[in-house]
Amino acid sequence: MPTPQTLSIKFMSPQLRNALDLFLAAAGQGFNGYIERRARMTELARLDAKSDEELSRMGLRRDDIPRYVFRDLIGA
């Protein structure tokens, strides 16, 4: 019975693979940032659409909305 062989196909050089990894990691960071900003902007708009009474029930004033949405970044 023949022994199994390992097939190794080399598509690109290690340098090109590293460059591609760095590019994709940077692109991923940019994409993550975009998604994060979009989510925060959606939250800002959602809260801004509420009445002052609704915000008050949440313990917020209209001026508090940005601080509330970005509270994890500013330590509030």
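Using our numbering, the first residue of the sequence shown is number 11, and each one after it goes up by one. Heads up, the beta-carbon is just placed ideally off N, CA and C, and yes, glycines get one too. Note that the structure is predicted; figures quoted are calculated from it, not measured.
Cβ atoms of L65 and R72: under 8 Å apart, would you say?
yes
Between which residues of its own chain and E53 is the CB-CB distance below 6 Å, once the five residues before and five after are set aside?
V79
Just to confirm, is the Cβ distance from A75 to L57 under 8 Å?
The question names Ala, yet the displayed sequence has Ile at residue 75. Yes.
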